[in-house]
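> Got a structure here, written out as structure tokens. Questions coming.
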Amino acid sequence: MRSFMQLSALSLALLFSAAGLASERVVDHYKGKPAASLPEAVANFSEYNAKLEAILAQGSLSAADLHSIHELTYTLENALKRINQDFAALGETLEQVHVASETADNATVQQQGQAYLQTARQVIR
């Protein structure tokens, strides 16, 4: 009886191990295009959003389409990371303009306002 219990336990362990291995997928990871500057990030963001939109517009997605989407998301993630970093700093700069305008600090409004616009214009003109 003890052998039967051990054999049953071993069988169950192997069954769950095999099921776990079968459900794991090997996924390739890519670096994507870098976004070393805000203009580069915005350009990559626009280009790769257009690529994603074109693939999604096909309706039914093949395995190759899914692979392409997987690969291009790395570039989109790099672009978004850079955009988010720069926009967090942009929000802080705008807050300095806001506070300086409330306190009639002309020099800070001028200086930080120009810094704000310089970054903002890299995205929207």
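For what it's worth, UniProt numbering labels the leading residue of the sequence shown as 1, then goes sequentially. Don't be surprised by glycine CBs; every beta carbon is placed ideally from N, CA and C.
Anyone know if the C-beta pair for alanine 35 and asparagine 44 falls short of 8 angstroms?
Here residue 35 refers to the residue found at position 35 when the sequence shown is read from its first residue. Here residue 44 refers to the residue found at position 44 when the sequence shown is read from its first residue. Their beta carbons are under 8 angstroms apart, which means alanine 35 touches asparagine 44 by this criterion.
> Work out the CA separation of glutamine 85 and threonine 103 for me, nearest whole Å.
Position 103 of the sequence shown holds residue 103. Position 85 of the sequence shown holds residue 85. Rounded to the nearest whole angstrom, the CA to CA distance from threonine 103 to glutamine 85 is 28 angstroms.
> According to DSSP, is serine 23 helix, strand or coil?
Against the sequence shown, residue 23 aligns to sequence position 23. The predicted position of serine 23 is uncertain, since its pLDDT is 48 and thus under 50; no value can be drawn from it.
> Whose C-alpha, out of Glu47, Ala115 and Thr93, is nearest the C-alpha of tyrosine 74?
Numbered from its first residue, the sequence shown carries residue 74 at position 74. Of the listed residues, the one whose Cα sits closest to tyrosine 74 is Glu47.
> Hey, could you find the ends of the alpha helix (DSSP H) arginine 82 is sitting in?
On the sequence shown, position 82 is the one that residue 82 refers to. Residue range 63-102 is occupied by the alpha helix (DSSP H) that includes arginine 82.
> Give every residue of the same chain whose Cβ lies closer than 7 angstroms to the Cβ of tyrosine 116, excluding the five residues on either side of it in the sequence, and list them in chain order.
As a position in the sequence shown, residue 116 is number 116, starting the count at 1. Counting only Cβ-Cβ distances below 7 angstroms, and skipping sequence neighbours, we find Leu90, Thr93, Leu94 and Val97.
> Work out the CA separation of serine 37 and aspartate 65 for me, nearest whole Å.
What you label residue 65 is simply residue 65 of the sequence shown in a count that begins at 1. What you label residue 37 is simply residue 37 of the sequence shown in a count that begins at 1. About 29 angstroms.
> Could you tell me the alpha carbon to alpha carbon distance between lysine 51 and glutamine 112, rounded to whole angstroms?
Within the sequence shown, numbered from 1, the residue matching residue 51 stands at position 51. Within the sequence shown, numbered from 1, the residue matching residue 112 stands at position 112. Each residue's alpha carbon lies about 36 angstroms from the other.
> Within 10 Å of its beta-carbon, does alanine 41 have 16 or more other beta-carbons around it, so buried, or fewer, so exposed?
In the sequence shown, residue 41 corresponds to position 41, counting from 1. In this structure alanine 41 is buried. Its beta-carbon is surrounded by 16 or more other beta-carbon atoms within 10 angstroms.
> Taking the alpha-carbon of glutamate 33 as reference, which of Ser60, Val99, Ser68 and Leu76 has the nearest alpha-carbon?
Along the sequence shown, one-based indexing puts residue 33 at 33. Note on identity: in this sequence residue 33 is lysine, with glutamate being the wrong assignment. Looking at the Cα atoms, Leu76 is the closest of the given residues.
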